[in-house]
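Protein chains in written order, with our numbering: chain A, 3 to 294; chain B, 928 to 1230.
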């Protein structure tokens, strides 16, 4: 029985792959993915068990008798948490739109036009990714203050958009560069202007790249803690990374609610990630793994 | 006469087309450039200026030039040196581990065993998680009494603790969180680079009787070194610049054993209100990061 299983398995292996080697590969994979996935499993498990089970001092991987949706009910039933969720969503969507809105023309410009100063623009884009954010934050706060943008969603959108813009332009430039300029020329012959070339030729042909850039902008905004912690001073603008503090005080942490809230915070980005994953990996091999 | 007019009009055409190209190029760039100028360029210049001033967050409009006083204080500030050292250790150890574990995983993912596609597709899931979620997960794992790690340690008869408040283990835990998040990303980038190596190279090497180790040393490694270098430089910058992991997990404690430059700048600016002093620490960070940026740009040109 075992022997037939092994030979059956062997038949499915490529040349040069022995059963022993495959067994070694699987064993190492299990170890590695244990390291990666056990914390995630434990987070989800903790969010769906009763409080009594949460504080049990014994190891029970999945206590089926003690499952509950109560933690999620408490988290989602919390009005403040819901408004944080709404803020996160609105700010992340607006960040994505703003970033793509100014990033696509900018990438088109640095990809297709040749003008004095262009190389410095590209250089500036790359190096601005590498500034110490805390140093930027100090004057940034005073700029925002002068423009009356402290504690507004718009202030956060600006902060987040600028944080991700250099990389987005850089990424899109890579995609635009890969599209043959002969297509531009052909479109020009047909009487297309520059803007038409941009949104009729380059944008449709680099949709996967735009999806990845949009994903990057969304996640950058969704996950940000630093700017929100400084610019946001009321429930009207606070986002989920701060919302997780709702369920803990200095004395006590409601771990059931905290873990449930963490899952709720993680789910949207994980879902988006699953949607663009294929293009993300593709783009990584295109751009040599730059960024992120 | 006719030819010179022709030539003139040709020049003119060239000039006009060149200038429209320039104008349009800049025009398309303008919104992005404005945004970057107001929100990045100005703040960074102002930050550098602030580092030469005595300035408090309580009255930020009062800016008195003190020249190098902030920097002089910095050199004598023990906490600054601690934070600098911690930043260097955190960055160096995290990135080294991310690279090694990522390389190992990339080599595993390359193996053509049934079901490997499933592993490939879930690899990067830790990378996309918000830092706050990662901190919560690890914080929960090491809770005294009922955290998973302590449950297992107790089962094995080993000492238990709230490990984030342990002076020896707080920093390794922060390194672990960085590695947990980023090693899979290294793996996928290196794996993608390995996929683009033509198979003929390996076949030719096998013909010549090269061992697996030799194939790795003379084919795989040289072909992924470019991607690897870029990944390493970027993650050095990312880790050195990162504020969230430390701030949200230990806040720099216990007893400053995990204090890093970003958390120290943040505390000086937004808790002590010492803007000038905070900015001078930020400028030191800037200089260190710029050094790495130069390396990065050099690498880019290399391609």
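All C-beta atoms, glycine included, are put in the ideal place defined by N, C-alpha and C.
Q. Would DSSP call residue 58/A helix, strand or coil?
A. As a position in the first chain, residue 58/A is number 56, starting the count at 1. Residue 58/A: coil per DSSP, three-state reduction.
Q. How do the segment 951-970 of chain B and the segment 106-117 of chain A stand: do at least 3 beta-carbon pairs fall below 8 Å, yes or no?
A. yes
Q) If you measure from the beta carbon of residue 1229/B to each beta carbon in chain A, is any gap under 9 Å? A) What you label residue 1229/B is simply residue 302 of the second chain in a count that begins at 1. At residue 1229/B, the pLDDT of 47 sits below 50, so the modelled position is not reliable; the number obtained from the coordinates is stated separately. Closer than 9 Å: no.
Q.
Taking the straight line between their C-alpha atoms, what separation do you get for residue 1209/B and residue 976/B?
A. The residue you call residue 1209/B lines up with position 282 of the second chain. The residue you call residue 976/B lines up with position 49 of the second chain. Residue 1209/B and residue 976/B: Cα-Cα distance of roughly 11 Å.
Q) Can you tell me whether residue 1085/B is buried or exposed, with buried defined as 16 or more other CB within 10 angstroms of its CB? A) Taking the first residue of the second chain as 1, we reach residue 1085/B at position 158. The residue is exposed, with fewer than 16 neighbouring Cβ atoms inside 10 Å.
Q: Please confirm whether residue 278/A and residue 180/A have their CB atoms less than 9 Å apart.
A: In the first chain, residue 278/A corresponds to position 276, counting from 1. In the first chain, residue 180/A corresponds to position 178, counting from 1. No. Outside cutoff.
Q | Test item: CB-CB of residue 1100/B and residue 40/A under 9 Å | A | As a position in the second chain, residue 1100/B is number 173, starting the count at 1. As a position in the first chain, residue 40/A is number 38, starting the count at 1. The answer is no: Cβ separation not under 9 Å.
Q. Can you find at least 3 beta carbon pairs, one from the segment 224-243 of chain A and one from the segment 82-97 of chain A, that sit closer than 8 Å?
A. yes
Q. Is it the case that the Cβ atoms of residue 281/A and residue 211/A are separated by a distance below 9 Å?
A. Taking the first residue of the first chain as position 1, residue 281/A is located at position 279. Taking the first residue of the first chain as position 1, residue 211/A is located at position 209. The answer is yes: Cβ separation under 9 Å.
**Q.** For residue 1016/B and residue 974/B, the rounded distance between their alpha carbons
**A.** Taking the first residue of the second chain as position 1, residue 974/B is located at position 47. Taking the first residue of the second chain as position 1, residue 1016/B is located at position 89. Each residue's Cα considered, the two are about 26 Å apart.
Q) In chain B, what lies closer than 8 Å to residue 128/A by C-beta? A) As a position in the first chain, residue 128/A is number 126, starting the count at 1. Result: 1220, 1223, 1224 and 1227.
Q: Sort 255/A, 99/A, 187/A and 273/A by Cα distance to residue 159/A and report the nearest one.
A: Walking along the first chain from the start, residue 159/A turns up at place 157. When each option's Cα is compared against that of residue 159/A, the closest is 99/A.
Q: Sort 141/A, 120/A, 77/A and 74/A by Cα distance to residue 229/A and report the nearest one.
A: For the purposes of this step, residue 229/A is taken as residue 227 along the first chain, with counting starting at 1. Comparing Cα-Cα distances from residue 229/A to each of 141/A, 120/A, 77/A and 74/A, the minimum goes to 141/A.
Q | Expected contact under 8 Å - CB spacing of residue 45/A and residue 261/A to nearest Å | A | What you label residue 45/A is simply residue 43 of the first chain in a count that begins at 1. What you label residue 261/A is simply residue 259 of the first chain in a count that begins at 1. Correct: roughly 6 Å between the Cβ atoms.
Q) In the segment 958-1025 of chain B, which residue ranges form an unbroken alpha helix (DSSP H) of at least 4 residues, counting only runs that do not cross its ends? A) 969-977 and 996-1002
Q: Use the C-beta contact count for residue 1143/B: other C-beta atoms within 10 angstroms, 16 or more gives buried, fewer gives exposed.
A: If you number the second chain from 1, residue 1143/B lands on position 216. With fewer than 16 other Cβ atoms within 10 Å, it is exposed.
(Q) Is it the case that the segment 1151-1167 of chain B contacts the segment 1111-1121 of chain B, given that we only count it when at least three CB pairs across the two stretches are under 8 Å? (A) yes
Q. Would you say residue 1189/B faces chain A, with C-beta separation under 9 Å as the test?
A. For the purposes of this step, residue 1189/B is taken as residue 262 along the second chain, with counting starting at 1. Yes, because at least one Cβ of chain A sits closer than 9 Å to the Cβ of residue 1189/B.
**Q.** Bridge partner(s) assigned by DSSP for residue 250/A
**A.** Stepping through the first chain from its first residue, residue 250/A is reached at position 248. Answer is 255/A.
Q. From which residue to which residue does the alpha helix (DSSP H) around residue 1096/B run?
A. For this step, residue 1096/B is matched to residue 169 along the second chain. Run containing residue 1096/B: none; DSSP gives neither H nor E here.
Q: Determine the closest residue to residue 245/A out of 78/A, 52/A and 37/A, with distance taken between C-alpha atoms.
A: Taking the first residue of the first chain as position 1, residue 245/A is located at position 243. When each option's Cα is compared against that of residue 245/A, the closest is 78/A.
Q) Is it true that the CB of residue 958/B sits closer than 9 Å to the CB of residue 171/A? A) Locating residue 171/A in the first chain gives position 169, where the first residue counts as 1. Locating residue 958/B in the second chain gives position 31, where the first residue counts as 1. Going by C-beta atoms, residue 171/A is not nearer than 9 Å to residue 958/B.
Q | Exposure of residue 292/A, with buried meaning 16 or more beta-carbon neighbours within 10 Å | A | On the first chain, position 290 is the one that residue 292/A refers to. Reliability fails at residue 292/A, whose pLDDT of 43 lies under 50, so the model's placement of it is uncertain and no value is given.
Q. Using Cβ-Cβ distances below 9 Å, what residues of the segment 256-284 of chain A are close to chain B?
A. 257, 260, 261, 263, 264, 265, 267, 268, 271, 272, 274, 275, 276, 279, 280, 282, 283 and 284
Q. Would you say residue 1073/B faces chain A, with C-beta separation under 9 Å as the test?
A. Stepping through the second chain from its first residue, residue 1073/B is reached at position 146. By this cut-off, residue 1073/B is an interface position.
**Q.** Under the three-state DSSP convention, the category residue 1201/B falls into
**A.** Within the second chain, the letter at position 274 stands for residue 1201/B. Residue 1201/B falls in the strand class under three-state DSSP.
Q: Check each candidate in 1122/B, 985/B and 1072/B and name the one with the smallest Cα separation from residue 1033/B.
A: Here residue 1033/B is taken as the residue at index 106 of the second chain, counted from 1. With distances taken between Cα atoms, residue 1033/B lies closest to 1122/B.
Q) Could you give the uninterrupted runs of the alpha helix (DSSP H) lying entirely in the segment 1150-1203 of chain B, keeping only those of 4 residues or more? A) 1171-1176 and 1188-1197
(Q) Quick test of the definition: if touching needs 3 or more C-beta pairs under 8 Å, does the segment 997-1016 of chain B touch the segment 1189-1196 of chain B? (A) yes
Q | Reduced DSSP secondary structure (H/G/I, E/B, other) of residue 228/A | A | Here residue 228/A refers to the residue found at position 226 of the first chain. Here residue 228/A sits in helix by DSSP.
**Q.** Residue(s) in a DSSP beta bridge with residue 51/A
**A.** Within the first chain, residue 51/A is the residue found at index 49, counting from 1. BP columns for residue 51/A point to 69/A.
Q | residue 111/A: contacting residues in chain B (beta-carbon distance under 7 Å) | A | As a first step, residue 111/A is located in the first chain; it is residue number 109 there, counting from the start. Chain B residues near residue 111/A: 952, 955 and 956.
Q: Check each residue of the segment 186-214 of chain A: if its Cβ is closer than 7 Å to any Cβ of chain B, include it; give the result in chain order.
A: 196
Q: Following the continuous alpha helix (DSSP H) through residue 1040/B, name the residue where it begins and the one where it ends.
A: Residue numbering aside, residue 1040/B sits at position 113 when the second chain is read from its first letter. Note, residue 1040/B: premise wrong, no alpha helix (DSSP H); not H, not E.
Q: Starting from residue 48/A, find everything on chain B with Cβ-Cβ shorter than 7 Å and list it in chain order.
A: Counting from one through the first chain, the residue named residue 48/A turns up at place 46. Those within 7 Å of residue 48/A in chain B are 1067.
Q) Helix, strand or coil for residue 1051/B per DSSP? A) Residue numbering aside, residue 1051/B sits at position 124 when the second chain is read from its first letter. Residue 1051/B falls in the coil class under three-state DSSP.
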